[in-house]
């Protein structure tokens with residue numbers, strides 16, 4: 086039975102955005118701490134640095150380029166954040182409770198993920214700048230590659246539950262978490278997460294070789310919103326990974342939402358650490374690796390999941 | 009008061025610095041990267057401080073002005089170098105060489121936020137000074153509705169792709185002169201289809217001062233301790249490595265390597281090896297850099313580290329009597345890709361530190377060919393320094409790079425060029441630049 090929340094749609098939207106905002110700030114702090122530890126700097130100062138940096142971005146001028154596509158420039162971070170919120174609605178945040186726990190949860194999630202490619206390309210296109218455009222192009226090239234992997238991984242995780250509803254997928258992990266039952270799933274999911282939030286090795290959209298890529302010409306409040314949207318998407322994907330692979334709200338002693346938060350934070354930490362540690366892979370090579378290594382692995386993973394359910 | 013809190017919160021953040029590298033600025037940039045109280049950014053839009061490192065030649069001031077205008081307000085401009093600037097930036101704060109640059113910039117940054125000082129106005133004109141130049145009745149240029157240069161901006165025009173002849177839109181892109189991964193002052197003119205380079209050419213960099221460690225510059229004229237030369241070499245190679253890591257997106261590791269380089273002293277070979285092992289774990293570096301940027305042997309001949317990374321066995325130290333008896337053997341890697349150049353720099357840095365340990369007290373007399381940071385050089389011959397073997401080799405390498413770049417993706421371009429560690433000052437008389445550029449330098 087779908088557990089649709091009793092909140093009105095407007096309140097649900099606000100709740101989703103608040104949760105994402107909190108998640109994004111936590112992700113920003115985690116990024117700063119991990120960056121400081123890798124670089125050999127003090128972590129304490131790094132923990133508060135994102136707040137000061139956010140304040141300085143709020144006070145910075147939002148510059149414009151010559152003849153940008155103004156509507157798309159404003160829409161792109163908004164669309165990206167909105168898609169993160171849409172994806173969050175299907176993820177169960179507490180014991181059997183999601184904002185909109187529909188029976189086709191992973192389909193909604195996949196749709197939001199696919200449209201994110203459009204949002205990021207819009208961001209690269211809008212500023213009317215060469216290097217931003219290249220960032221947008223490169224991301225579109227990568228987009229389909231990780232998209233397919235994510236769908237096979239989610240479908241495989243839905244097999245034990247015999248349902249596309251995410252809370253049913255969590256319920257089906259009472260005996261054994263999917264990270265143990267389907268070992269290839271979580272590593273592939275982490276790769277997908279790095280792809281959709283263009284972090285680390287898959288940072289083809291905002292890479293340092295493009296001097297910031299799609300966010301090259303973005304400063305001030307617009308930059309703050311874009312980075313928060315990116316971390317919001319990271320939060321959602323880590324939450325989905327926690328729900329689908331790490332048993333979601335399942336766990337002793339603590340209430341369901343606390344377990345969800347802990348597992349999401351753990352996955353977030355792992356993804357950010359991997360992203361900071363790894364070097365950016367050339368786009369053609371990344372696409373080749375996703376199609377020739379990750380996708381066949383996801384097929385193997387799907388077959389494994391099917392056999393396991395059957396046995 | 010809310011405004012006071014906001015300003016003080018802003019003032020506590022680390023200043024984001026965009027470095028404009030001039031003569032003698034590259035080494036300062038690497039020292040800046042090692043600091044933990046400031047952050048380097050790759051785009052001027054993300055910066056709050058424009059820091060000119062070294063000194064800029066006159067031809068590059070217009071570009072510096074354009075860059076200044078791109079930095080959002082409130083912005084701070086300062087110069088970290090030997091002399092106060094003349095011309096358009098006269099009057100900006102000067103940070104002396106013996107000052108703590110991080111502390112100086114942070115203090116100025118805090119003053120800017122807390123005291124709410126007025127920011128210097130933009131240099132450029134408010135309206136576009138270039139007239140609309142088109143051929144069609146609607147002002148469009150070129151063929152049909154495409155191409156031409158309306159408003160001085162080259163528009164995309166269809167042309168055949170170099171790889172397979174498919175006719176697609178091609179954009180003219182000019183990069184530089186202050187793009188972080190380009191040699192300072194160099195401008196690249198690319199024709200791009202998507203992210204694939206169709207053709208590449210370069211424009212003369214205008215910088216004149218060789219980017220060499222001071223010890224090696226001195227070693228060409230007077231006796232210097234071998235330990236000092238080799239420690240300088242190790243610091244240089246680690247600095248070049250941090251540049252590559254920064255372009256690869258590994259900012260934290262780049263900062264770590266830069267800090268190790270800045271604080272390097274004899275006996276730290278093991279620490280450098282440990283750091284290199286960390287870089288290599290899980291094949292992170294291999295998957296990002298193997299088989300990327302293979303220029304072949306001919307373009308890199310005589311360029312020191314790059315030549316040895318491509319399998320060309322040759323090092324002037326093998327014939328230098330100052331190194332006799334120290335057990336010196338040139339280190340060589342075979343593949344000649346970016347990964348090989350990184351490994352080569354690490355290996356040569358480790359070797360240099362070990363030589364410095366072993367050569368305690370030994371003095372090198374000037375005379376024999378010196379193995380500089382980018383290849384062998386003879387003695388100074390006045391202004392013809394650029395025609396030394398090292399200078400010609402650098403120009404050949406750039407030409408080889410521009411020829412290689414055809415048909416390559418943009419990310420490979422950036423990683424390869426930064427791994428070559430080109431010194432722009434040695435390129436001034438290379439035939440690969442337009443003759444007219446040298447005589448009538450154009451700031452754009």
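Chains as they are written, first to last, in this note's numbering: chain A, 86 to 396; chain B, 9 to 452. Think of the CB as a built atom: it goes at the ideal place given N, C-alpha and C, for glycine as much as any other residue.
Item: C-alpha gap between residue 122 of chain A and residue 128 of chain A, whole angstroms; Value: 6 Å
Item: Where residue 24 of chain B sits in the DSSP three-state scheme; Value: strand
Item: Residue 362 of chain B versus residue 250 of chain B: straight-line alpha-carbon distance, rounded; Value: 21 Å
Item: Closer than 9 Å to chain B by CB, residue 302 of chain A; Value: yes
Item: Under 8 Å (Cβ pairs) to chain B, residues found in the stretch 275-288 of chain A; Value: 285, 286 and 288
Item: DSSP-derived helix/strand/coil call for residue 58 of chain B; Value: strand
Item: Cutoff 6 Å; reference residue 284 of chain A; Cβ partners in own chain excluding five residues on either side; Value: 360
Item: Chain-order list of residues whose beta-carbon lies under 7 Å from that of residue 161 of chain A (same chain, five-residue window excluded); Value: 204, 207, 208 and 211
Item: The stretch 264-278 of chain B in contact with the stretch 290-300 of chain A per 3-pair CB rule at 8 Å; Value: no
Item: Within-9 Å CB hit, residue 67 of chain B to chain A; Value: no
Item: Per-residue DSSP class, three states only, for residue 379 of chain B; Value: strand
Item: Chain B residues whose Cβ lies nearer than 8 Å to that of residue 368 of chain A; Value: 203, 417 and 419
Item: Close Cβ partners of residue 214 of chain B (< 7 Å) along its chain, the five nearest in sequence each way excluded; Value: 65, 67, 68, 193 and 449
Item: Alpha-carbon spacing of residue 233 of chain A relative to residue 338 of chain B, whole angstroms; Value: 48 Å
Item: Near-chain B residues of the stretch 217-240 of chain A (beta-carbon distance less than 7 Å), N- to C-terminal order; Value: 219, 222 and 223
Item: Residues bridged to residue 182 of chain A (per DSSP); Value: A:179
Item: Rounded straight-line distance, which links the Cα of residue 274 of chain B to that of residue 410 of chain B; Value: 39 Å
Item: Segment contact flag, the stretch 308-327 of chain B with the stretch 382-396 of chain A, C-beta cutoff 8 Å, min 3 pairs; Value: no
Item: Min CB distance residue 267 of chain A to chain B below 9 Å; Value: no
Item: Straight-line gap, residue 195 of chain A to residue 250 of chain A (C-alpha atoms, nearest Å); Value: 13 Å
Item: For residue 86 of chain B: DSSP bridge partner residues; Value: B:59
Item: Start and end residues, alpha helix (DSSP H) containing residue 46 of chain B; Value: First-last for residue 46 of chain B: undefined, no H or E at that position.
Item: Touch test, the stretch 216-227 of chain B against the stretch 318-326 of chain B, Cβ-Cβ under 8 Å, three pairs minimum; Value: no
Item: Interface flag, residue 51 of chain B vs chain A, CB-CB below 9 Å; Value: yes
Item: Which of helix, strand or coil DSSP assigns to residue 176 of chain B; Value: strand
Item: Contacts of residue 395 of chain A in chain B (Cβ-Cβ under 7 Å); Value: Ordered by position in chain B, no residue passes the 7 Å Cβ test against residue 395 of chain A, which lies about 34 Å from the chain.
Item: Selection of the stretch 253-271 of chain B by Cβ proximity to chain A, strictly under 8 Å; Value: 253, 254, 255, 256, 257, 258, 259, 260, 261, 263, 264 and 267
Item: Contact list for residue 44 of chain B against chain A, beta-carbon separation under 7 Å; Value: 126
Item: Closer than 9 Å to chain A by CB, residue 392 of chain B; Value: Because the pLDDT of residue 392 of chain B is 43, which lies under 50, any placement of that residue in the model is unreliable, and the number read from its coordinates should be weighed accordingly. Output row for residue 392 of chain B: interface = no.
Item: Bridge partners - residue 208 of chain B, DSSP secondary structure assignment; Value: B:198
Item: 9 Å Cβ cut-off: residues of chain B touching residue 209 of chain A; Value: Those within 9 Å of residue 209 of chain A in chain B number zero; the least Cβ separation is about 11 Å.
Item: Alpha-carbon spacing of residue 293 of chain A relative to residue 220 of chain A, whole angstroms; Value: 10 Å
Item: According to DSSP, residues forming a beta bridge with residue 183 of chain B; Value: B:196
Item: Outcome for residue 387 of chain B when other beta-carbon atoms lying within 10 angstroms are tallied against a minimum of 16; Value: With a pLDDT of only 46 at residue 387 of chain B, under 50, the local geometry of the prediction cannot be trusted, and the value read off the model is given with reservation. Classification of residue 387 of chain B: exposed, given that the 10 Å Cβ count is below 16.
Item: C-beta neighbour in chain B for residue 384 of chain A, strict 9 Å; Value: no
Item: 8 Å Cβ cut-off: residues of chain A touching residue 423 of chain B; Value: 294 and 367
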